[in-house]
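Residue numbers (my numbering), protein chains in the order written: chain A, 11 to 253; chain B, 11 to 253. Glycine included, C-beta positions come from ideal geometry on N, C-alpha and C.
There are 2 protein chains.
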Amino acid sequence: MPNPTAAMLVIGDEILSGRTRDKNLHHLAGELASHGIDLKEARVLPDHKDAIIAAVRELSARHDHVFTSGGIGPTHDDITADSIAEAFNVPIGVRDDARELLERHYALTGQELNDSRLRMARIPEGASLIENPVSAAPGFSLGNVHVMAGVPGIFKAMLESLLPRITGGRPLLSRTVRINRPEGDIAGPLAAIAREFPMLSIGSYPFFEQGRYGSYIVIRGQEERLIEAAERALCDAFGGDAP
Amino acid sequence: MPNPTAAMLVIGDEILSGRTRDKNLHHLAGELASHGIDLKEARVLPDHKDAIIAAVRELSARHDHVFTSGGIGPTHDDITADSIAEAFNVPIGVRDDARELLERHYALTGQELNDSRLRMARIPEGASLIENPVSAAPGFSLGNVHVMAGVPGIFKAMLESLLPRITGGRPLLSRTVRINRPEGDIAGPLAAIAREFPMLSIGSYPFFEQGRYGSYIVIRGQEERLIEAAERALCDAFGGDAP
Numbered sequence: 011m012p013n014p015t016a017a018m019l020v021i022g023d024e025i026l027s028g029r030t031r032d033k034n035l036h037h038l039a040g041e042l043a044s045h046g047i048d049l050k051e052a053r054v055l056p057d058h059k060d061a062i063i064a065a066v067r068e069l070s071a072r073h074d075h076v077f078t079s080g081g082i083g084p085t086h087d088d089i090t091a092d093s094i095a096e097a098f099n100v101p102i103g104v105r106d107d108a109r110e111l112l113e114r115h116y117a118l119t120g121q122e123l124n125d126s127r128l129r130m131a132r133i134p135e136g137a138s139l140i141e142n143p144v145s146a147a148p149g150f151s152l153g154n155v156h157v158m159a160g161v162p163g164i165f166k167a168m169l170e171s172l173l174p175r176i177t178g179g180r181p182l183l184s185r186t187v188r189i190n191r192p193e194g195d196i197a198g199p200l201a202a203i204a205r206e207f208p209m210l211s212i213g214s215y216p217f218f219e220q221g222r223y224g225s226y227i228v229i230r231g232q233e234e235r236l237i238e239a240a241e242r243a244l245c246d247a248f249g250g251d252a253p
Numbered sequence: 011m012p013n014p015t016a017a018m019l020v021i022g023d024e025i026l027s028g029r030t031r032d033k034n035l036h037h038l039a040g041e042l043a044s045h046g047i048d049l050k051e052a053r054v055l056p057d058h059k060d061a062i063i064a065a066v067r068e069l070s071a072r073h074d075h076v077f078t079s080g081g082i083g084p085t086h087d088d089i090t091a092d093s094i095a096e097a098f099n100v101p102i103g104v105r106d107d108a109r110e111l112l113e114r115h116y117a118l119t120g121q122e123l124n125d126s127r128l129r130m131a132r133i134p135e136g137a138s139l140i141e142n143p144v145s146a147a148p149g150f151s152l153g154n155v156h157v158m159a160g161v162p163g164i165f166k167a168m169l170e171s172l173l174p175r176i177t178g179g180r181p182l183l184s185r186t187v188r189i190n191r192p193e194g195d196i197a198g199p200l201a202a203i204a205r206e207f208p209m210l211s212i213g214s215y216p217f218f219e220q221g222r223y224g225s226y227i228v229i230r231g232q233e234e235r236l237i238e239a240a241e242r243a244l245c246d247a248f249g250g251d252a253p
């Protein structure tokens, strides 16, 4: 059975304006690979409702899961929850269990649960909450869309509570072989090896170190046995080292 | 007149598998902001022809420019040039001027210009070359799609030769105000200020330092005068510092 597939939506003007470097895609990609979910696509979108709605509808129809980061805080530019509700045509409002989480948190920290903060308890109808151990305001899953915070520490914590609830497939295994020859020297035989192993993805990534070009060959797949065979073929062909 | 708009396509299995952290989006975003081109969307795609063709067609129709990174090297997983040619329904083949660039480079470095390396001289009909001062193999522009390398140093160098050829608009100016109060405290008045300045984008980004929450408010727009007025309004409302 093939693995479930996924897409990611990174939401935020700050990424597209060059102010902020996204860190969540790289983290999610690694976690999904270990969990046996194939990340097929990622998109970075501005804080624009129409753009978010269109992407959520398209990607949630195409993939088993969509993971979003960003836009669920208390300020006017946080429009993700409303956009997701609209994408699925469901109402959204303050939910009691989410409000209680915030009440407890702000009572503890001595801050006021004002109207702005209460916005973070607005949850689309039918969603289930994703725990936020860092700052209480929850994420949520609606259908196959999992909505999480943009702050990397909180995204990471939310993903940790979410992933065990999602059925994964076979983890993506990968093995890297370092070959001390430039890509152009090895590309011909490498292509032949890639054709020999159609069930594996074999990628080549050049490096330049101490004045010399070399290639990292990354073998990815789900069958340990096949990966080892491809690794042997590479080492036989190029005398590479499996580090 | 509104600024030209753009999208970016990051092409490569290695980003989606979590092996490699993309660096080119952040660099491109900053350069386009200075050049007066509004980056509206970015997508990360695997090394799959159909996915690349569909995204190139969609985004090149929707935006003034599309910038791609990755997949133009000499190995079997480098399929970007062929995919772009197919997206525009034009033939692709080794072009004399691109071949000469490679011949000169490999003569200098004492490497063989074999069939694999010659693949890097395959250019879609009607494209113009983008100079690669690092390793010779050129990028190209076909219509409004600009195809560049994935290796960050080469991407950067190619973008530097490309950008002066592209007509930009008014640079995106931005100013950051640091407010030593948590987002939830300031969100109400902040929303009112954002409504007062509909021509500006005003974003709020929380921080946590030395046990205290605070907010960076980023004001973005093209009118210095408006940005300064919004900055004054913020400082008046919250006693923030403009660093």
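Check: Determine whether the Cβ of Q232(B) lies closer than 8 Å to any Cβ atom of chain A.; Outcome: no
Check: Quick check on A117(A): buried or exposed, where buried means 16 or more other Cβ atoms within 10 Å of its Cβ?; Outcome: exposed
Check: For L49(B), which residues of its own chain have a beta-carbon under 6 Å away from its beta-carbon, when the five flanking residues on both sides are left out?; Outcome: A16, A39, L42
Check: Return the CA-CA distance between I212(A) and Y226(B), expressed in angstroms with no decimal places.; Outcome: 43 Å
Check: Starting from P134(B), trace the beta strand (DSSP E) in both directions and tell me its first and last residue.; Outcome: 132–134
Check: From P216(B), K166(B), R222(B), R180(B), pick the residue whose C-alpha is nearest to that of P12(B); which is it?; Outcome: R180(B)
Check: What in chain B is Cβ-close to L200(A), meaning under 7 Å?; Outcome: T85, H86
Check: Considering only their Cβ atoms, is the gap separating I189(A) from F248(A) smaller than 8 Å?; Outcome: yes
Check: Is the segment 182–202 of chain B in contact with the segment 142–154 of chain B, if contact means three or more CB pairs nearer than 8 Å?; Outcome: no
Check: Would you grab the beta carbon distance between A239(A) and H86(B) for me? Rounded to a whole angstrom, and I think it's under 8 Å.; Outcome: Actually they do not touch by this definition, with Cβ atoms about 18 Å apart.
Check: Chain B beta carbons: is any one of them nearer than 8 Å to that of A117(A)?; Outcome: no
Check: Out of curiosity, what's the CA-to-CA distance linking R2(A) and C245(A)?; Outcome: Because chain A is modelled from 11 through 253, residue 2(A) falls outside the range shown and cannot be assessed.
Check: Under a three-way DSSP split, which group does S151(B) fall into?; Outcome: strand
Check: What first and last residue would you give for the beta strand (DSSP E) that runs through D48(A)?; Outcome: 48–55
Check: Assign I44(A) to one of two classes, buried (16 or more other C-beta atoms within 10 Å of its C-beta) or exposed (fewer than that).; Outcome: Reading off the sequence, residue 44(A) comes out as Ser, not Ile. Result: exposed.
Check: Taking its Cβ as the centre, do 16 or more other Cβ atoms sit within 10 Å of A71(A), making it buried, or is it exposed?; Outcome: exposed
Check: Can you check DSSP and say which residues form a bridge with M158(B)?; Outcome: S79(B)
Check: By the DSSP assignment, the alpha helix (DSSP H) with P199(B) in it spans what residues?; Outcome: 193–206
Check: Return the Cβ separation of H156(B) and L172(B) in integer angstroms, given the expectation that the two are a contact with Cβ distance under 8 Å.; Outcome: 6 Å
Check: Going by DSSP, what residue range makes up the beta strand (DSSP E) through V187(B)?; Outcome: 183–189
Check: Return helix, strand or coil for I89(B), following the three-state DSSP convention.; Outcome: coil
Check: Using DSSP bridges, identify the partner residues of S225(A).; Outcome: I189(A), P216(A)
Check: Give a yes or no on whether the C-beta atoms belonging to I133(A) and I102(A) are separated by under 8 Å.; Outcome: yes
Check: Have a look at K33(B), H58(B), P216(B) and flag the residue whose alpha-carbon is nearest the alpha-carbon of A52(B).; Outcome: K33(B)
Check: Whole angstroms are fine: how far does the CA of D57(A) sit from the CA of L55(B)?; Outcome: 22 Å
Check: For P162(B), which residues in the same chain have their Cβ closer than 8 Å to its Cβ, ignoring the five residues on either side in sequence?; Outcome: K33, N34, H37
Check: Anything in the segment 180–200 of chain B with a Cβ closer than 9 Å to a Cβ of chain A? List those residues in chain order, please.; Outcome: L182, S184, T186, P192, E193, G194, D195, I196, A197, G198, L200
Check: When DSSP labels each residue in this structure, what does I94(A) get in the three-state scheme?; Outcome: helix
Check: List, in order along the chain, the chain A residues whose C-beta lies closer than 7 Å to that of Q220(B)?; Outcome: In chain order: nothing, as chain A lies at least about 15 Å away.
Check: Is the beta carbon of V100(A) less than 8 Å from the beta carbon of E135(A)?; Outcome: yes
Check: What is the residue span of the alpha helix (DSSP H) that L26(A) lies within?; Outcome: 23–26
Check: I'd like to confirm the pairing. Which residues does DSSP put opposite G231(B) in its beta bridges?; Outcome: L183(B)
Check: Classify E206(B): buried if its beta carbon has 16 or more other beta carbons within 10 angstroms, exposed otherwise.; Outcome: exposed
Check: Can you give me the start and stop residues for the beta strand (DSSP E) that L210(A) sits inside?; Outcome: Looking at the DSSP string, L210(A) is not in any beta strand (DSSP E), and its letter there is neither H nor E.
Check: Could you check whether the Cβ of A39(A) sits closer than 8 Å to any Cβ belonging to chain B?; Outcome: yes
Check: Give the C-beta separation of L182(B) and S27(A) to the nearest angstrom, bearing in mind that I take them to be a contact with Cβ-Cβ under 8 Å.; Outcome: 6 Å
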